[in-house]
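The block underneath contains the structure these notes are about, expressed in structure tokens.
Numbering (the numbering used here), first residue to last: 133 to 186.
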């Protein structure tokens, strides 16, 4: 992860171009790129959040 603060801890960034998927166990996730550095991002989502993203 490229986006880190002065203490080398990851910082919260916004995700651009998120792609929402549902795996075979029924969990929703979003994959996208970091708006600040362009690195890959991944996040598990609730069903409500997944429906909001589309």
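Backbone N, C-alpha and C define an ideal beta-carbon position, used for all residues, glycine too. Keep in mind it's a predicted model, so treat the numbers as computed, not measured.
Problem set entry | Residue from 142, 174 and 138 whose Cα sits closest to the Cα of residue 159 | 174
Exercise. So is the beta-carbon of residue 183 under 7 Å away from any non-hydrogen atom of the ligand COA?
Worked result: Ligands are entirely absent from the displayed structure, and the ligand COA is therefore not among its contents.
Exercise. Below 8 Å between beta carbons: does that hold for residue 147 and residue 164?
Worked result: yes
For this session: Pull up the CB-CB distance for residue 177 and residue 167, whole angstroms please, since I reckon it's below 8 Å.
Result: Actually they are not in contact, since the Cβ atoms of residue 177 and residue 167 sit about 18 Å apart, beyond 8 Å.
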